[in-house]
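Engineer:
Residue numbers (the working numbering), protein chains in the order written: chain V, 1 to 113; chain L, 114 to 224.
Shown next, in the form of structure tokens:
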């Protein structure tokens, strides 16, 4: 069974440029999470989807971040414009349902210069 | 609110030494508790979990017991190997709304 797939693995952009990350969750997993992991820290939730509905986006900086999950499968996370402080690893995770463990992708390491 | 506190690293052990990584939590209800491991260059992988008080999670020689009275979920392994070198994250989830992670503990095992 394929795991959670994220792309790209690495991205370097200049500040004020846009960037997008893509996530393909495990087939059949209804719950999808985007987390941000700063260096030396644990992951922190940005947004959670149940199918195609964003049910918790309270920690998403909505002035510059946006996300979508079309048809309740793949998801994209976008930053526009990027700031230096956005440099981090962006992790996507999925669960078959809310009350079980989450399966994580390898993440996208973003560097804003 | 919900939070997880785990012992700071880095931790360096010799092969076959005993490992303990402390984890305590704060939760408003009855969370599920997890240990995730992150090997160099890889994503987070579930190591073990426990869903209610007194449950013991175990996997690959690692164990952790859900202690409600001390709000703890310490990770232990009797004999570590070089291949166990990684960063270990304690986490909780209450109703699956989100996972709250500790800051991670880096473990290096030397031959």
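Don't be surprised by glycine CBs; every beta carbon is placed ideally from N, CA and C.
So if I threshold CB-CB distances at 7 Å, which residues from the region 151 to 167 of chain L count as touching chain V?
Structural biologist: The region 151 to 167 of chain L vs chain V, Cβ under 7 Å: 155, 156, 157, 159 and 162.
Engineer: Any beta-carbon of chain V closer than 7 Å to the one on residue 209 of chain L?
Structural biologist: Closer than 7 Å to some Cβ of chain V, the Cβ of residue 209 of chain L qualifies, so yes.
Engineer: Kindly list, in the order they appear in chain V, the residues whose Cβ is closer than 7 Å to that of residue 147 of chain L.
Structural biologist: Per Cβ cutoff of 7 Å: 101.
Engineer: Closer than 9 Å by beta-carbon distance: list the chain V residues that pair up with residue 215 of chain L, in chain order.
Structural biologist: Residues of chain V passing the Cβ test: 42.
Engineer: Roughly how many angstroms separate the alpha carbons of residue 141 of chain L and residue 103 of chain V, rounded to a whole number?
Structural biologist: Approximately 24 Å between the Cα atoms of the pair.
Engineer: Can you give me the C-alpha to C-alpha distance between residue 161 of chain L and residue 90 of chain V, rounded to a whole angstrom?
Structural biologist: In a straight line, the C-alpha of residue 161 of chain L is about 23 Å away from that of residue 90 of chain V.
Engineer: Could you confirm whether any beta carbon from chain V is found closer than 7 Å to the beta carbon of residue 175 of chain L?
Structural biologist: No, no contact with chain V.
Engineer: Taking just the CA atoms, how far does residue 117 of chain L sit from residue 18 of chain V?
Structural biologist: Their backbone Cα atoms lie some 33 Å apart in a straight line.
Engineer: Determine the closest residue to residue 86 of chain V out of V/14, V/53 and V/30, with distance taken between C-alpha atoms.
Structural biologist: When only C-alpha atoms are compared, the closest one is V/14.
Engineer: If you compare alpha carbons, which of L/192, L/165 and L/158 is closest to residue 62 of chain L?
Structural biologist: This structure leaves residue 62 of chain L out entirely; chain L is present only between 114 and 224.
Engineer: Compare the Cα-Cα distances from residue 28 of chain V to each of V/95, V/109 and V/60 and report the closest residue.
Structural biologist: Out of V/95, V/109 and V/60, V/95 has the C-alpha closest to the C-alpha of residue 28 of chain V.
Engineer: Here's the rule: buried if 16 or more other CB atoms are within 10 angstroms of the residue's CB, otherwise exposed. What is residue 131 of chain L?
Structural biologist: So residue 131 of chain L ends up on the exposed side.
Engineer: What residues from chain L crowd round residue 31 of chain V, counting only those whose CB sits closer than 8 Å?
Structural biologist: Near residue 31 of chain V (Cβ distances below 8 Å), the residues of chain L are 209.
Engineer: Answer with yes or no whether the minimum CB distance from residue 131 of chain L to chain V is below 7 Å.
Structural biologist: Chain V, which has no Cβ nearer than 7 Å to the Cβ of residue 131 of chain L, makes this no.
Engineer: At the 7 Å Cβ level, is residue 186 of chain L part of the contact set with chain V, yes or no?
Structural biologist: By this cut-off, residue 186 of chain L is not an interface position.
Engineer: Compute the Euclidean distance between the alpha carbons of residue 73 of chain V and residue 79 of chain V, then round it to the nearest angstrom.
Structural biologist: Going from the Cα of residue 73 of chain V to the Cα of residue 79 of chain V covers about 20 Å.
Engineer: Does the beta-carbon distance from residue 39 of chain V to residue 47 of chain V come in below 7 Å?
Structural biologist: No.
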